[in-house]
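Everything below concerns the one structure shown next.
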Amino acid sequence: MRGHSFAYYPGCSGLGTSMEYDSSTRAVCKALFVELHDVPDWSCCGSSPAHTVDHVLSAALSARNLAKVESTGRETVITPCPSCLTNLRTAGHRMEKPEFRARVNSLLDTPCKGDVQAKSVLQILFEDVGLEMIAASVQKPLKGLKVAPYYGCIMNRPPEIMQFDDHENPMAMDRILAALGAEVVPFPLKVECCGASYGVARKDVVARLSSRLLDTAVSLGADVMATACPLCQMNLDLRQEQASQHSGRAYSMPVLYFTQLMGMALGVAEAELGFDKLCVSPARAFEAMAASTVANKQTERGSRV
Amino acid sequence: MDGVNMSASFDADFVAQVQAASEQNLALCYQCGNCTAGCPYTFAYDIPVNQIMRLVQAGQKHKTLTCKSLWLCATCESCTTRCPNDIDVARIMDVLRHMARCEGHAPERAVKVFWDSFLESVRKHGRVFEAGLLAKYVARTGRVWTDFDLAPRIIPKGKLALKPHPVKGLQEMEKIFKRFEEQGGCL
C-alpha cells in the first residue's frame, strides 16, 4: 500500500502538557501508513506571545523552522497544534511579499524562501489519508460513544490563511469520528474560543468561556469531548474544576484528543495513547460504551434466535 | 466610556501608522458591530472592538493604546472572519498592542508578564520550558497561589518536564532576538 510522507513539527507542548497528543498522533499516523520526519532541531514558533509583540519577529520564529524543512527538500510540514499551524501558515503567507520576507530573513542565519506548505494533522488525515481508508482500518468501532467534536477557534480561521474546511461549521473531525463508529453530536460551539492562553493570567476569563463549552457538551448528552488543540484540551480538562467553581455545576466530562479516539478505534496499543495523562478519566465512558456494545450484540443474537 | 474631544486630540500620524503596519483600510469600517457581536472577550473588555476601530479612525491614540482590551484579545480570528468588509480586525488589534508595548502601556500587567516570560523562555532554550515559564511568572507577579489547585492534578501525570528541551541552535535563537532589538524592536 502506498503511504504518505511529511515533515512533522511537534510543537513545544508536545514535549510536555500535550505529550499524549504527540504520541497518539505518531501512533495513528503509523497505523495509517503516514511517515513522519521530525523537522531537524525545530524551535518554538512563538505561539501567541510573539505575534502580540511584533509580526516580523513572530514570522522569523516560524521561518527558522520552515527553512529547516526546506533544507530537507520536503514541501509540506504538518503539525497537530493549531497555534503552531496558524503561525507557520501566516508566516508563509506574509513572506509571499518580498519586502516582508527580506525583513524576516534579516533576523535569520539561514534565509527562508517561504515555499513550504503547513497543514494540520487533522487536514492530512481527512484529505490525504481519507475517510475510506480510516473506516477500513477500524478494528474496534466506537459504537455507542457520544462525542462532541470541538475544533477550537483557529484551526479553520481566518479562511483566507487556513484554507481548510468550513470556517463556521467545520466537519472534518465530525466525519472522521463518524467513520470510527462514534455517535457524533452536532456541537454548535465548535469554533468558539475556550479562553486560549489566559488561564494563568486571567483564569476567570478561561473559566467562563470553558464552562460554556462544557455546559453545551453536557446538555447534548455527550460522553466525551474531542479536541484538536493542546490549549483547548488543557483549559477544558486540567481547568475543568475551575470551570465548575465558576458555573456552580460540577462537570466530569472527559476531554480527549481526536487522535486518542482514532488510536483506540484503530487498535493502537493503549500505552501510546496516553489516556492516563488526562485529568478527567475517560474510563467510565469507555466502560459504558463496551457495555452497550455487548448489550447490542446480545440483542442482535436474541433477535436472530 | 468617557467623553472624547475628537477635534482636539485627532492624531493623523497614528491613523496612518496603524493603516501602514496592518495593511488595512480603516475607512472601510462602518460600525456594523459584527466583530463585537462575535467577540468572546467583550465581557472582559473595557472598550469593545468595534469602538476601538472607531477610536482608531478618529485618531484617538492615547485612549486606544491605554485600553485593557488590547491585552485581552486572544486573536481567535472571529472578528476578522466575520467582518463584512474583509478588514483583518485581529491584525489591527495586534498592531495596536505592538504600539502600546513600545509606548510602555500595559494595563493588564499579568498578561504582559506571562507573554514576556514565555518569549524569554523561547530565547533562552529555543523551545518553551513550561515549568520554568510558570516559575518566572510567579516570581515576577508575586502570585504564588495562582493555579496552586492545579498542582496535584498535573504533577502526578508526569507531563510537566522539570528540565528544558533546548535546541542545538541556541545561538541562532539568541541572534533572532538580538537582531530584532538592534533593528529597534520593542521586547
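Same order as they appear, the protein sequences are chains A and B. Residue numbers for the first sequence follow the numbering used here, beginning at 59 and rising by one. Residue numbers for the second sequence follow the numbering used here, beginning at -16 and rising by one. C-beta atoms are modelled at their ideal positions from N, C-alpha and C, and glycine is treated no differently.
Going by the beta-carbon positions, is the gap between residue i and residue j smaller than 8 Å?
| i | j | result |
| --- | --- | --- |
| V135/A | V127/A | yes |
| V127/B | V78/B | no |
| L116/B | V111/A | no |
| N145/A | S164/A | no |
| F(-3)/B | K44/B | yes |
| C252/A | S277/A | no |
| A108/A | S116/A | yes |
| P140/A | G210/A | yes |
| L143/A | I159/B | no |
| V97/A | T129/B | no |
| D99/A | K151/B | yes |
| L238/A | A349/A | no |
| L235/A | F316/A | yes |
| T148/A | P288/A | no |
| L90/A | S178/A | no |
| C62/B | C22/B | yes |
| T64/B | P217/A | yes |
| L271/A | Y208/A | yes |
Express the C-alpha separation of residue j and residue i in angstroms, rounding to a whole number.
| i | j | result |
| --- | --- | --- |
| Q175/A | A65/A | 10 Å |
| L393/A | C59/B | Residue 393/A is absent from the structure shown; chain A starts at 59 and stops at 363. |
| L180/A | D173/A | 21 Å |
| S129/A | I30/B | 46 Å |
| Y67/A | S82/A | 14 Å |
| T47/B | A73/B | 15 Å |
| G279/A | V205/A | 9 Å |
| G109/B | Y28/B | 33 Å |
| A286/A | G69/A | 13 Å |
| M77/A | L11/B | 44 Å |
| H88/B | T19/B | 23 Å |
| C103/A | G131/A | 20 Å |
| L73/A | K198/A | 29 Å |
| L331/A | R84/A | 10 Å |
| L296/A | K51/B | 27 Å |
| T274/A | N68/B | 31 Å |
| F245/A | D71/B | 27 Å |
| G325/A | M231/A | 19 Å |
| K119/B | A83/B | 23 Å |
| Q34/B | A254/A | 23 Å |
| A343/A | Q356/A | 20 Å |
| G168/B | H148/B | 27 Å |
| R233/A | R37/B | 42 Å |
Output needed for residue i: all residues of its chain with C-beta closer than 8 Å, excluding positions within five of it in sequence on either side, in chain order.
| i | result |
| --- | --- |
| D186/A | H62, V92 |
| V105/B | V111, M156 |
| L170/B | D99, L102, F160, F163, E164 |
| A57/B | P23, Y24 |
| N214/A | M220, F222, D223, D224, H225, P228, V249 |
Who does residue i pair with in a DSSP beta bridge?
| i | result |
| --- | --- |
| K107/B | In the DSSP output, where bridge partners are listed per residue, K107/B has none listed. |
| K177/A | I136/A |
Within a Cβ cutoff of 6 Å, which residues of the same chain sit near residue i, ignoring the five residues on either side of it in sequence?
| i | result |
| --- | --- |
| C87/A | L94 |
| R80/B | L53 |
| Y13/B | none |
| Q320/A | Per the sequence shown, the amino acid found at residue 320/A is Met instead of Gln. So the qualifying residues of the chain are V86. |
| S302/A | A308, Y309 |
| A125/A | T168, C170 |
| A240/A | L200, L203, V205 |
Between which two residues does the alpha helix (DSSP H) carrying residue i extend?
| i | result |
| --- | --- |
| S269/A | 261 to 277 |
| H184/B | Nothing about residue 184/B can be read from this structure; chain B reaches only from -16 to 170. |
| S195/A | That residue, S195/A, is in no alpha helix (DSSP H); it is neither H nor E in DSSP. |
| A125/A | 113 to 130 |
| A284/A | It is not in any alpha helix (DSSP H) - A284/A instead sits in the beta strand (DSSP E) that spans 282 to 285. |
| F160/B | 153 to 165 |
| S(-10)/B | -11 to -8 |
| H225/A | It is not in any alpha helix (DSSP H) - H225/A carries neither H nor E in the DSSP assignment. |
| S310/A | It is not in any alpha helix (DSSP H) - S310/A carries neither H nor E in the DSSP assignment. |
| G115/B | 113 to 124 |
| T64/B | 61 to 65 |
| Q2/B | -5 to 5 |
| Q369/A | Because chain A in this structure spans residues 59 to 363, residue 369/A falls outside the shown range and cannot be described. |
So the beta strand (DSSP E) residue i belongs to, where does it begin and stop?
| i | result |
| --- | --- |
| T137/A | 134 to 137 |
| E93/A | 92 to 96 |
| P207/A | 204 to 208 |
| V313/A | 313 to 315 |
| H62/A | 62 to 66 |
Near residue i, what residues of its chain come up, given a Cβ to Cβ distance below 7 Å and the 5 sequence neighbours on each side ignored?
| i | result |
| --- | --- |
| M(-11)/B | A41 |
| A114/B | L143, A144, L145 |
| Q300/A | K261, A265 |
| G(-14)/B | none |
| P340/A | V282, P312, L314, F333 |
| V363/A | Bear in mind that the predicted position of V363/A carries a pLDDT of just 49, short of 50, making it unreliable; the figure below should be weighed with that in mind. Within the same chain, V363/A has no close Cβ partners at all. |
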